[in-house]
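Input: a single structure, listed below in structure tokens.
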């Protein structure tokens, strides 16, 4: 069997590993001026760069956003992420049955041993500079989601985290107050289903308007311009008046709901984005459009993009700068994208030219799906030249001995570089300018507190109006309950014989609003996941949502109790005087 291999591959280990490759991460290079076709020494043109963003339809809009942000001396908010010797552990499933309700009260039954831990991420290191995109690959259970969570500074739920994670030159502890700039998009689409797509994005853009704007643009105009740009970027502008929906409320399709989730993250105007399988539910064309949009925004705005994707096509794969492969929590490869496939082929794995490169890289640790090149099948060869790595440990050993690791580990000093320190200083300065002047210094939100309450109140009314059937049924049910209650106490006599009847009517009129309040508890719990997500996005303080619910409930409950009281009052036959009625 003859293997068609790249002619450059023969010199791979001798020369290619020691030279920089891929796109230059230098922030001084403007990606817009790069030509879509490279010229060789003899003047002939090479193939078009798949990452040339100069001709993409979304590029002019992003350039306009950058120009608007840099008006009046605004600075780009660039950070980058660096992690070194990162190990993440969680409580093993073996510990789940050790405790129960009764064992909590048994002082003699508690063991002194700590619960067993499972290593989720084992000694991972890497660096993603501003303007770079990292693709994290791995089979389900490899630890991709956990790695993205820690790199997004989301540490809740893990039993033990060791190692250093830096954002720019900030530590993870210092970066907590900037959680609105370090965003993670999870696989779940969590929304208020009764809201329309336009209202959902509008809420996020309103609360992320910078405090200092150019004199020729107002807050409302800025929010609307950014909302229209986001809706157009993924082609869902036609759904802005359609409900988001869920399993019970009819709304947009699953793919469109995923795009709404992506746009809500982008509305935060963050600096570091982690995308956990964000193309799930999207067709191939839309997934590629999203990747191109992230490529353009990463290049022009200096974002840091980390994504974990399953079954990414070659068009999507080519948009990334670096590849990180996890297998059972171990980092078996981390290096430039254009060296990943060549590296695995040199180890003895055969990549079909028609296959997806990301699928090939993920399958090297799966015996049922990987293909071995001829000449590497010898299981007893003393070194890697005669056989391929058969286990995760051998893949890890091969990577630790490769020149790629030495080259990539040299980038870990980025957090101490003058570039990182300057970017972090500019980031903090710009964040301080974007925040409302009345907010506390350590507040993560951008909008003022009154603006947060105002936006949350508008959203609460939109949620109620979006579910008009439930609202009208509640009012109709109230009238029915008033008629039934009034018929029980109907026309009570004005003597001592009616004293007990009228007392019962008063008691029922006080008890019914209490039952109405109990019905609101379920709605409060249903909205908690959305509020938790918005807290991570630093859209608003949680108390702003509480005040918004109270403000919204006042007119609704006033109307509901009024027609309930009117019917019950006059059917019972209380005194027909204004004084007695309003006391009631």
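Numbering (my numbering), first residue to last: 476 to 1059.
Positions of the beta carbon are idealized from the N, C-alpha and C atoms, including for glycine.
Worksheet item: So what does DSSP say about residue 1024, is it helix, strand or coil?
Response: helix
Discussion item. Is it buried or exposed, residue 600, if we count other Cβ atoms within 10 angstroms and call 16 or more buried?
Written reply: Looking at its Cβ environment, which holds 16 or more other Cβ atoms inside 10 Å, residue 600 is buried.
Worksheet item: Looking only at its own chain, which residues have a Cβ that is under 8 Å from the Cβ of residue 756, when we skip the five neighbours before and after it?
Response: 729, 730, 732 and 733
Worksheet item: For residue 609 versus residue 890, is the C-beta distance shorter than 8 Å?
Response: Contact annotation: residue 609 and residue 890 have beta-carbon atoms that are not nearer than 8 Å.
Worksheet item: From 777, 1005, 787 and 745, pick the residue whose C-alpha is nearest to that of residue 765; which is it?
Response: Answer by Cα proximity: 787.
Practice prompt. Return the chain-ordered list of same chain residues with a C-beta closer than 8 Å to the C-beta of residue 688, the five sequence neighbours on each side being excluded.
Written response: 694 and 697
Worksheet item: Just curious, the alpha helix (DSSP H) that residue 731 is in, first and last residue?
Response: 729-741
Worksheet item: In its own chain, which residues sit with a C-beta less than 7 Å from the C-beta of residue 802, not counting the 5 before and 5 after it?
Response: 613, 617, 840, 867 and 870
Worksheet item: Over what stretch of residues does the beta strand (DSSP E) that includes residue 598 continue unbroken?
Response: 592-603
Discussion item. Taking the alpha-carbon of residue 849 as reference, which of 637, 863, 526 and 1013 has the nearest alpha-carbon?
Written reply: 863
Worksheet item: CA-CA distance, residue 783 and residue 947?
Response: 44 Å
Worksheet entry | Inter-residue spacing [alpha-carbon to alpha-carbon] between residue 822 and residue 877 | 11 Å
Worksheet item: With respect to the beta strand (DSSP E) encompassing residue 751, which residues constitute its N-terminal and C-terminal limits?
Response: 747-751
Practice prompt. With a 10 Å radius around its C-beta and 16 neighbouring C-beta atoms as the bar for buried, classify residue 556 as buried or exposed.
Written response: With 16 or more Cβ atoms within 10 Å of its Cβ, residue 556 is classed as buried.
Practice prompt. Use the C-beta contact count for residue 767: other C-beta atoms within 10 angstroms, 16 or more gives buried, fewer gives exposed.
Written response: buried
Worksheet item: In whole angstroms, what separates the C-alpha of residue 641 from that of residue 561?
Response: Rounded to whole angstroms, residue 641 to residue 561 spans 11 Å at the Cα level.
Worksheet item: Beta carbon of residue 953, beta carbon of residue 1026: below 8 Å?
Response: no
Item to complete: Compare the C-alpha of residue 707 against each of 883, 761 and 745 and name the closest.
Response: The option with the nearest alpha carbon to residue 707 is 761.
Worksheet item: From the DSSP output, which residues share a beta bridge with residue 642?
Response: DSSP lists 556 and 645 as partners of residue 642.
Practice prompt. Using alpha carbons as the reference points, say which of 776, 770 and 873 lies closest to residue 797.
Written response: 770
Worksheet item: Along the chain, where does the beta strand (DSSP E) that runs through residue 612 open and close?
Response: 608-612
Discussion item. Would residue 550 and residue 905 be called neighbours here (beta carbons separated by less than 8 Å)?
Written reply: yes
Practice prompt. Name the residue from 665, 563 and 677 whose alpha carbon lies nearest to the alpha carbon of residue 937.
Written response: The option with the nearest alpha carbon to residue 937 is 677.
Worksheet item: Anyone know if the C-beta pair for residue 892 and residue 910 falls short of 8 Å?
Response: No.
Worksheet item: Contact check, residue 593 vs residue 564 under 8 Å by CB: the rounded distance?
Response: 6 Å
Discussion item. Which of the three DSSP states is assigned to residue 863 in this structure?
Written reply: When secondary structure is reduced to three states using DSSP, residue 863 falls in the coil class, being assigned neither helix nor strand.
Discussion item. I believe residue 964 touches residue 979 by the beta-carbon criterion, under 8 Å. Please report the beta-carbon distance rounded to the nearest angstrom.
Written reply: 6 Å
Worksheet item: residue 1051 to residue 949, Cα distance in whole Å?
Response: When only Cα atoms are considered, residue 1051 and residue 949 end up about 28 Å apart.
Worksheet item: What is the residue span of the beta strand (DSSP E) that residue 806 lies within?
Response: 805-811
Worksheet entry | residue 645 classed as buried or exposed, judged by whether at least 16 other C-beta atoms fall within 10 angstroms | Buried, by the Cβ-count rule.
Worksheet entry | Coil, strand or helix - residue 715 by DSSP | coil
Practice prompt. Measuring alpha carbon to alpha carbon, tell me which of 524, 650, 997 and 595 ends up nearest residue 917.
Written response: 650
Practice prompt. Rounded to whole angstroms, what's the CA-CA distance from residue 772 to residue 1030? Just pull it up for me.
Written response: 44 Å
Worksheet item: Which of the three DSSP states, helix, strand or coil, is assigned to residue 694?
Response: helix
Discussion item. Less than 8 Å between C-beta atoms, sequence neighbours within five positions excluded: which residues of the same chain meet that for residue 794?
Written reply: Result list for residue 794: 525, 526, 608, 766, 767, 769 and 770, in chain order.
Discussion item. Using 8 Å as the cut-off, can you tell me whether the segment 622-632 makes contact with the segment 808-816, which would need three or more C-beta pairs spanning the two stretches below that distance?
Written reply: Cβ pair count under 8 Å is below three, so no.
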